[in-house]
Amino acid sequence: MKQKINSVYIEKPLSLNANHVKKPTRSISGITPLTVVLKPRKCEHGTCIFCPGGDYVPQSYTDKSPAIMRALAWAFDPYKQVQARLKTLKAMNHPTEKIELIVLGGTFLQYDLEYQYYFIKRCFDALNGKDADNLKQAKKINEIAEHRCVAMCIENRPDNCSGKEIKRMREFGATRVELGVQILDDDIYKKINRGHSVQDVIEATKKLKDAGFKVGYHIMPGLPGSNIEKDITLFKQVFNDDRYRPDQLKLYPCQIVADSPLAKIHKLIKYKPYDEKQTRYVLSEMIKIIPRYCRVMRVMREFPQEYTIQGVKRLDLRKDLEKQFRDENIRLDEIRYREIGFVLKHGEKVSSDLNLNILEYNASKGKEFFLEIVNKNDILFGLLRLRFPDKKGIILKELKNCALIRELHVYGQALNIGEKSEKDSQHQGFGKWLMEKSEGIAKKAGYKKIAVISGVGVREYYKKLGYKLEGEYMVKEL
């Protein structure tokens, strides 16, 4: 993959430590995730052979998955789920002013349109602590609410990313989309009843990036029809081929889970999932080739052991693999492994001599600039994703002739809005500095405007930097 990295020294001394919370991992990346689950519904294309869900839970989950158990307790009511989760997070000493709302349960955009608007509005109502008349009003209230939605993730299928659907996701306030890609192979898609094509993946990836979204892929090694060599080869294609190049990944090795179609036919088709040794090998080979602009969000599904008929049952495999990498002094470029919060968690000493690295690469007919603040040991303090999109691919009129900022993220233990700590990387001015650098790059390239795909709860921050709301984006004249 052709790339260019420039480095600039930053005069910004910083003393760091990790704040104490009951489960620091949850908010150690700078924001606090809050998961809310959709009501059960069958997918329109049928059932992928690996999905275990039944009539009472979303199709790709079991009733013993932690998020599903919480949702079941509240009969999948979005307001009550958010309300209860906020209470729990507060009790665990997590900051709750900067929330990433994660909508789980399946292909959200295939639900009834009225339910989609109802669901998102009620999530905002719960964050706001008051009921709005409509979604637009709920979002406006959230701009200055106590619990602000600074980011929103929606799970989606590659064949549900039309221009109309992308506009709707922005109307909801979504900033990140996770696509069920699994593997880049049309023959295997047919075998597992996936119901979409590799071309759908290519087109969805491009449309989402050109609308400013962060794009995540779910990847599933060990599917029927695949093997270790094919999995690794096709995974390399994810990053070597500039039609893909996602920003984030979830690595979910295929398991035979109770109540899934695969549980019924695996003997007939003579299928066996990877054992633990094979799984460790495939995952380690995949993780080692992930470029520095990509973050692995999760490894392994949270299926209870009693539901897993065959396949790896361990949920802590990632932790084990990362320990192995550290013990063997294997250098990883993947984002999460380098984040300041996770490095501190492992008790490592951190130098505060900081540089700005700028990685340039082509992706989905556009040009990407990955700006990252790192120290001499390549530990990551903050990042920004700047895109020069394919001008022919612009769907939303407010993005015409705009450079796009697809992500701004400062890492370290999450702090509440306005809160400062000399020993944390958040709120040190890194975000503002990264914004200024990206604006300079865009201006030098001839752009007159720059747009940010801002979460509703971060609009006030961008207003202070000279941005104004146009449509669903924060836009600034350069």
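Under this note's numbering, the first residue of the sequence shown carries the number 110, and numbering increases by one thereafter.
The beta carbon of each residue, even a glycine, is placed where N, CA and C say it ideally should be.
Integer Cβ distance of residue i from residue j, believed to fall under 8 Å
| i | j | result |
| --- | --- | --- |
| L332 | C363 | 5 Å |
| D462 | K428 | Actually they are not in contact, since the Cβ atoms of D462 and K428 sit about 29 Å apart, beyond 8 Å. |
| C152 | Q225 | No, C152 and Q225 are not in contact; Cβ-Cβ is about 15 Å, not under 8 Å. |
| D442 | R401 | 4 Å |
Terminal residues of the alpha helix (DSSP H) in which residue i lies
| i | result |
| --- | --- |
| K299 | 295-300 |
| N349 | 337-349 |
| K249 | 244-251 |
| Q225 | 222-237 |
Reduced DSSP secondary structure (H/G/I, E/B, other) of residue i
| i | result |
| --- | --- |
| Y446 | helix |
| Y582 | strand |
| E287 | strand |
| Q357 | strand |
| E206 | coil |
| V567 | helix |
| A184 | coil |
| V408 | strand |
| E312 | helix |
| C511 | strand |
| K506 | helix |
| A554 | coil |
| F281 | helix |
| L424 | coil |
| V130 | Annotation note: pLDDT 39 at V130 (below 50); position unreliable, no value reported. |
| A193 | helix |
| G304 | coil |
| R389 | helix |
| V166 | coil |
| Q364 | coil |
| R496 | strand |
| L489 | strand |
| A372 | helix |
Residue i versus residue j: straight-line alpha-carbon distance, rounded
| i | j | result |
| --- | --- | --- |
| G475 | R352 | 10 Å |
| K509 | V259 | 24 Å |
| G162 | L371 | 12 Å |
| F217 | Y571 | 28 Å |
| A241 | P187 | 15 Å |
| E264 | G549 | 33 Å |
| A184 | V145 | 12 Å |
| C307 | D295 | Per the sequence presented here, residue 307 reads as Val, with Cys not at that position. Spanning the two alpha carbons is a distance of roughly 6 Å. |
| M544 | L493 | 8 Å |
| P498 | I562 | 13 Å |
| K376 | I365 | 11 Å |
| E274 | P267 | 11 Å |
| G272 | K316 | 8 Å |
| T171 | K373 | 16 Å |
| C157 | S460 | 47 Å |
| Y165 | I177 | 10 Å |
| I559 | Y470 | 19 Å |
| K245 | Y582 | 14 Å |
| G580 | K230 | 18 Å |
| L198 | A554 | 44 Å |
Boundaries (first-last residue) of the beta strand (DSSP E) holding residue i
| i | result |
| --- | --- |
| C262 | 257-265 |
| K323 | 323-328 |
| V145 | 141-146 |
| T171 | Where T171 is concerned, there is no enclosing beta strand (DSSP E), given that its DSSP letter is neither H nor E. |
| E469 | 463-472 |
| K476 | 475-484 |
| R352 | Per DSSP, R352 belongs to no beta strand (DSSP E) and is neither H nor E. |
Whether residue i touches residue j by CB criterion (8 Å)
| i | j | result |
| --- | --- | --- |
| G325 | D356 | yes |
| I398 | F434 | no |
| R279 | I208 | no |
| E411 | P175 | yes |
| L468 | K276 | no |
| T141 | P204 | yes |
| P382 | G420 | yes |
| L517 | G540 | yes |
| L210 | M261 | yes |
| V405 | R354 | no |
| C270 | A313 | yes |
| F159 | I378 | no |
| S547 | L480 | yes |
| E569 | E252 | yes |
| M409 | F344 | no |
| L495 | Y520 | no |
| A247 | F228 | no |
| Q387 | I439 | no |
| L288 | I328 | no |
| V191 | L147 | no |
| K573 | V584 | no |
Any non-hydrogen atom of the ligand PLP within 7 Å of residue i CB
| i | result |
| --- | --- |
| L480 | By its list of ligands, the structure shown contains no ligand whatsoever, and the ligand PLP lies outside what it can speak to. |
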